[in-house]
Each structure stands twice: as C-alpha cells, then as structure tokens.
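S.K.:
Number of protein chains: 2
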Amino acid sequence: MSEKQIAPTVLVGKKPAMSYVLACLTGFQSGSKEIVVKARGKAISRAVDVVQIVKNRFLTNLVVKDIRLGTEQITDEQNRTVNVSTIEIVLGAS
Amino acid sequence: MSEKQIAPTVLVGKKPAMSYVLACLTGFQSGSKEIVVKARGKAISRAVDVVQIVKNRFLTNLVVKDIRLGTEQITDEQNRTVNVSTIEIVLGAS
Chain A
-7 MSEKQIAPTV LVGKKPAMSY VLACLTGFQS GSKEIVVKAR GKAISRAVDV VQIVKNRFLT
53 NLVVKDIRLG TEQITDEQNR TVNVSTIEIV LGAS
Chain B
-7 MSEKQIAPTV LVGKKPAMSY VLACLTGFQS GSKEIVVKAR GKAISRAVDV VQIVKNRFLT
53 NLVVKDIRLG TEQITDEQNR TVNVSTIEIV LGAS
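As you go down the protein sequences, you meet chains A and B in turn.
For the first sequence, the working numbering assigns the number -7 to the initial residue and increments by one for each residue that follows.
For the second sequence, the working numbering assigns the number -7 to the initial residue and increments by one for each residue that follows.
1. Looking at chain C, is there any beta carbon in it that lies within less than 8 Å of the beta carbon of Ser37(B)?
2. Classify Lys30(A) as buried or exposed, calling it buried when 16 or more other Cβ atoms lie within 10 Å of its own Cβ.
3. For Val2(A), count neighbouring C-beta atoms within 10 Å of its own C-beta (all shown protein chains included) and say buried if the count is 16 or more, exposed if not.
4. For Arg60(A), which residues does DSSP report across the bridge?
5. In this structure, does DSSP put Leu51(B) in helix, strand or coil?
6. Give the residues of chain B in contact with Val46(A), contact being defined as C-beta atoms less than 8 Å apart.
7. Suppose contacts are defined by Cβ-Cβ distances below 8 Å. Is Gln65(B) in contact with Thr73(B) by that definition?
8. Counting only beta-carbon atoms, is Ile27(A) nearer than 8 Å to chain B?
9. Looking at chain B, which residues of the segment 52 to 68 of chain A have a Cβ within less than 7 Å of any of its Cβ atoms?
10. Using only the alpha-carbon positions, how far apart do Asn53(A) and Asn71(A) sit?
11. How big is the Cα-Cα spacing for Lys57(A) and Val42(B)?
12. Just checking my contact of Ile27(A) with Leu61(A) at CB under 8 Å: how many whole Å lie between their CB atoms?
13. State the Cα-Cα distance for the pair Ala(-1)(B) and Gly5(B), rounded to the nearest angstrom.
14. Return helix, strand or coil for Val46(A), following the three-state DSSP convention.
Below, the structure is given as structure tokens:
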C-alpha cells in the first residue's frame, strides 16, 4: 500500500468460526488489501482457525503477513486486574 | 546459532499455563538459546499466555523470533478427519 490505509479488523469472539470467515471474505471482496484478525483470551485459538480456513479453503493466494502477540489488562467484576493475551494476525495478498 | 541445533520444544496441552512457563524457564536455564512453544486446537490460547508470561514476567530480554501457523489433520474416534489449527512460537534472546 503506497497510500497509508487502515486495514479493516475482524474481531473474533464467541460465535462459530465461519461467521468470522465470512466477515474476512466480505472484506476482501469489497476491495481491502489487508485484513487484521484480532482476538483475545480463549478466542485466540478460534482466530487461528479463521485464518487457516480463509487461507486454505477460500483465498489460497493470501498469506499471513504479520502476527503480533500482546497482553491487555482487564478489570473483572470483582474489580481485580487480570492479564489477557491478545493476537493480531495480518492477512494480505502475497 | 552458527552450529545448527534443534531448539527444544515445549508442547502446550491442558495443564495450567504455569507448568509450561516453568518448562520454558528450565530450558533457557540449561543453556538453550531458543525454545519453540507449540500447541494445537484450544491449547493455542494457552500457548500465547505461556509466551507472554515468560517474556513479560521472567525473562524480559527474550523476544518472539517467529510465529508459524498451520493445520493438521487428525482422525477422531468416529474415524472422521478433522482439521486442527497449530501454532509454533519461537522464543529466543534478542
């Protein structure tokens, strides 16, 4: 991308993986060159599933361009701070 | 590494994250320069937790050198083939 664009993000949560696969496909269909698949906590494994399904089954020309891991601090109902891991997977054309 | 060594692997499964954190620390303590943290399926999120805990809380000079995603085919009890996502995170000194 020569012009700096903000890549659209698909935030993976508790729905079935296919919902997020569809969101990725829609994004690429509407002209995005890159999509960032984000998740945190237990949804991280589903985010990896989503990326693998998009890449292996639908858009086989895509590659994983970057993967970033991180930690976020979240305050739970008992007002305790807990650390939650995050992942951001950048999908784009090779 | 000038001499090609095989980096030791910590395979993350269903135990608490801290068991695998300890395995990583023991590995680096005994002289390994790199450790590969692997997981598949739902354990992927725990593998990310393990890496973040090792890196942020214990060995702050470590960096994530590479992250590889993959898919494995597994045959379940009903003899059906299911696809399972995998992750390999390479931890090493910067």
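Cβ atoms here follow ideal geometry from the backbone N, Cα and C, with glycine treated the same way.
M.R.: Reading from the atomic positions:
1. Of the protein chains in this structure, namely A and B, none is chain C.
2. buried
3. buried
4. In the DSSP output, where bridge partners are listed per residue, Arg60(A) has Glu80(A).
5. coil
6. Within 8 Å Cβ-Cβ: nothing; Val46(A) doesn't reach chain B, min ~11 Å.
7. A contact, by the Cβ cut-off of 8 Å.
8. no
9. Val56, Ile59, Leu61 and Thr63
10. 46 Å
11. Between the alpha carbons of Lys57(A) and Val42(B) lies a distance of about 23 Å.
12. Between the beta-carbon of Ile27(A) and that of Leu61(A) there is about 18 Å, and that puts the pair past the 8 Å contact cut.
13. Answer to the nearest angstrom: the Cα atoms are 19 Å apart.
14. helix
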